[in-house]
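>
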Amino acid sequence: MTEPGSSELKTTTKSPVIYRCKKCRRIVASEENIVSHQHGKGDSSFKWKKRSGNPWEKEKQSECTSLFVEPMKWMQAVQEGSVEDKLLCMGCNARLGYFNWAGMQCSCGAWVNPAFQLHKSRLDECYI
Ligand SMILES: [Zn+2]
Ligand SMILES: [Zn+2]
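Start counting the sequence shown at 180; every next residue gets the next number (this note's numbering).
1) By DSSP, does Asp222 sit in helix, in strand, or in coil?
2) On the three-state DSSP scale, how would you describe Val214?
3) Taking 6 angstroms as the cut-off, does the CB of Lys202 come closer than this to any heavy atom belonging to ligand 2?
4) On the three-state DSSP scale, how would you describe Val262?
5) Tell me whether Ala294, by its Cβ, gets closer than 6 angstroms to a heavy atom of ligand 1.
6) Return the CA-CA distance between Lys193 and Ile213, expressed in angstroms with no decimal places.
7) Is Ala289 a contact residue of ligand 1, with contact defined as CB to any heavy atom under 6 angstroms?
8) Expressed to the nearest angstrom, what Euclidean distance is found between the alpha-carbon atoms of Arg205 and Gly270?
9) Answer with buried or exposed for Lys252, where buried requires no fewer than 16 other C-beta atoms within 10 angstroms of its C-beta.
10) Does ligand 4 have even one heavy atom less than 6 angstroms from the beta-carbon of Ala273?
If you want it as structure tokens, here you go:
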């Protein structure tokens, strides 16, 4: 089987994503800065989560409203050596998230440690 002019080796792996501050459009993170975590791993710590038999509810609960990144240069409080503090945009000082070296819990229930959490609602997701 030969495909004439087969050009399957094009770069269709995945489109890189960058995250910008919604207010000033400054780039705050890119895909490679993202620290992934297992969704809903720590769900036993959510007391309100009962066996409701509703599969939709479970799906909704494991949705992450924020993303976690590695410590980066623009995180001034991190550079200053704080253990936990707000993450402010270097461009416009908007609060983009929060960090804690001791770890934080994602909305999906998973613990991330250390945690540099950015709120998705404060960011613009762009595809390069
Ligand atoms: Zn999560
Ligand atoms: Zn900004």
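Quick reminder that beta carbons are idealized off the backbone N, C-alpha and C, glycines included.
None of these values were measured; they are calculated from a predicted model.
Judging by the given coordinates:
1) Its pLDDT being 49, under 50, Asp222 is placed unreliably in this model, and the value from its coordinates should be taken loosely. When secondary structure is reduced to three states using DSSP, Asp222 falls in the helix class.
2) When DSSP states are grouped into helix, strand and coil, Val214 belongs to the coil group.
3) Yes, Cβ of Lys202 sits closer than 6 angstroms to a heavy atom of ligand 2.
4) Val262 carries a coil assignment under DSSP once its states are collapsed to helix, strand and coil.
5) No - ligand 1 has no heavy atom lying nearer than 6 angstroms to the Cβ of Ala294.
6) Put simply, the backbone Cα of Lys193 is about 15 angstroms away from that of Ile213.
7) At least one heavy atom of ligand 1 falls within 6 angstroms of the beta-carbon of Ala289.
8) Within the model, the alpha-carbon separation for Arg205 versus Gly270 is close to 6 angstroms.
9) Exposed, because fewer than 16 other Cβ atoms sit within 10 Å of the Cβ of Lys252.
10) Here the bound small molecules are ligand 1 and ligand 2; ligand 4 is not part of this structure.
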